[in-house]
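Below is one structure, written out as structure tokens; comments come after it.
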Amino acid sequence: MIKVAVCGALGRMGSTVGRMVNESSDLELVGGIDVGAGSLFGIEVAESGRIDEFFGKVKPDVVIDFTTASAAVANAKAAAAHKAALVVGTTGLSADQRAGMERVIVGNVPAVISSNFSIGVNIFWELVRQAARMLSEYDIEVIEAHHRYKKDAPSGTAKTILQILDEEAGEREKMFGREGMTERGREIGVHVIRGGDIVGDHAVLFSGNFETIKLSHRAYDRSVFAQGALKAARWVVGKSPGIYGMGDVLELESVRP
Ligand SMILES: NC(=O)c1ccc[n+]([C@@H]2O[C@H](COP(=O)([O-])OP(=O)(O)OC[C@H]3O[C@@H](n4cnc5c(N)ncnc54)[C@H](O)[C@@H]3O)[C@@H](O)[C@H]2O)c1
0 MIKVAVCGAL GRMGSTVGRM VNESSDLELV GGIDVGAGSL FGIEVAESGR IDEFFGKVKP
60 DVVIDFTTAS AAVANAKAAA AHKAALVVGT TGLSADQRAG MERVIVGNVP AVISSNFSIG
120 VNIFWELVRQ AARMLSEYDI EVIEAHHRYK KDAPSGTAKT ILQILDEEAG EREKMFGREG
180 MTERGREIGV HVIRGGDIVG DHAVLFSGNF ETIKLSHRAY DRSVFAQGAL KAARWVVGKS
240 PGIYGMGDVL ELESVRP
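Mapping of the sequence shown onto numbering that gives the first Met the number 0: residues 0 to 256, in sequence order.
Here it is as structure tokens:
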């Protein structure tokens with residue numbers, strides 16, 4: 000059995016991951032970490048200030064993190080100190096936070112980091128990559144929608160889409176929404192919707208004269224992200240130290256972390 004600890008265990012994603020680990024036959028939920036203590040399916044969730052002591056006690060093989068940008072680096076540091084592999088789904092990290100995350104991982108433990116663990120989104124990214132390569136002269140717009148509680152905008156998934164578009168269609172200015180007298184140039188328009196309980200919608204429009212190609216993905220339930228995170232957890236234990244993406248887990252050629 001692979002021993003799994005979940006950071007953000009009482010949150011929307013963490014509790015979904017915890018439930019699915021608990022239901023699996025090859026993974027064992029050994030504990031959780033959250034801001035306050037609690038329990039998840041009868042398993043102890045320790046308060047974040049006790050993370051070091053708690054990891055020392057439950058000895059996870061892998062730590063899955065779905066918390067906040069400000070917490071994720073410290074959690075990764077604690078996991079690495081206990082030689083646990085990492086699966087990081089937390090988004091919205093600043094460049095400094097991302098660099099801090101890389102420092103604690105590289106040469107130390109294996110980690111899968113992805114802004115989206117859904118298998119469908121990873122395939123969707125591949126399709127966007129192919130389309131961008133062939134439609135680099137078209138006007139491109141990115142639209143994403145999430146639930147009212149999502150903290151970061153645009154989503155990590157949308158930022159990965161923008162990175163792919165830059166790589167394949169040439170770097171362009173990003174315009175976050177439009178207002179007033181705007182004239183379309185070579186920019187990529189980025190549009191963010193927040194409302195209700197939308198799990199996660201992403202669309203990329205490639206528009207030329209008289210035609211538009213729209214590629215889109217809709218997640219109906221956050222269990223699709225949790226399922227991918229579990230797949231990554233099974234895969235990452237025992238790998239060489241370093242940072243991997245879901246593309247490595249799924250053996251896709253071109254999706255980077
Ligand atoms: N990569 C993906 O596939 C994917 C999918 C969905 C969400 N996300 C990301 O995962 C993160 C969590 O999303 P959510 O919807 O579950 O949010 P949420 O607010 O429901 O849950 C976050 C949890 O983290 C806890 N937390 C905060 N600081 C902590 C700390 N220091 N230690 C431990 N726990 C701490 C909070 O108390 C909360 O319970 C966000 O960054 C979101 O964008 C990623």
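Note that the Cβ used here is the ideal one computed from N, Cα and C, for glycine as well.
Keep in mind that this is a model prediction, so the values were computed, not measured.
query                                                                                                                                                                              : result
Alpha carbon to alpha carbon, how far is residue 339 from residue 246?                                                                                                             : This structure gives no information on residue 339, because the portion of the chain shown stretches from 0 to 256.
Between which residues of its own chain and residue 236 is the CB-CB distance below 7 Å, once the five residues before and five after are set aside?                               : 1, 60, 61, 84
May I ask you to check if the CB of residue 93 is nearer than 8 Å to at least one heavy atom of ligand 1?                                                                          : no
Let me check one thing: in DSSP terms, what residues is residue 201 bridge-paired to?                                                                                              : 143, 216
Can residue 230 and residue 249 be called in contact, C-beta distance under 9 Å?                                                                                                   : yes
Could you give the residue range of the beta strand (DSSP E) that holds residue 38?                                                                                                : 37–39
Assuming residue 19 is part of the beta strand (DSSP E), what are its boundary residues?                                                                                           : No beta strand (DSSP E) contains residue 19, which is instead part of the alpha helix (DSSP H) from 11–22.
So residue 108 and residue 82 are in contact, right, with Cβ under 8 Å, and what is the actual spacing, rounded?                                                                   : 6 Å
Hey, would you say the C-beta of residue 38 is under 8 Å away from at least one heavy atom of ligand 1?                                                                            : no
Using only Cβ atoms and a threshold of 5 Å, which residues come within that distance of a heavy atom of ligand 1? Order them by chain position.                                    : 6, 7, 9, 10, 11, 12, 32, 33, 34, 47, 65, 66, 67, 70, 88, 89, 90, 115, 116, 224
Return the first residue and the last residue of the alpha helix (DSSP H) that residue 100 is part of.                                                                             : 94–104
Count the other C-beta atoms from every protein chain shown that fall within 10 angstroms of the C-beta of residue 56, then say buried if there are 16 or more, exposed otherwise. : exposed
Consider the Cβ of residue 134: report whether some Cβ of chain C lies at a distance smaller than 9 Å.                                                                             : No chain C is part of this structure, which consists of one protein chain only.
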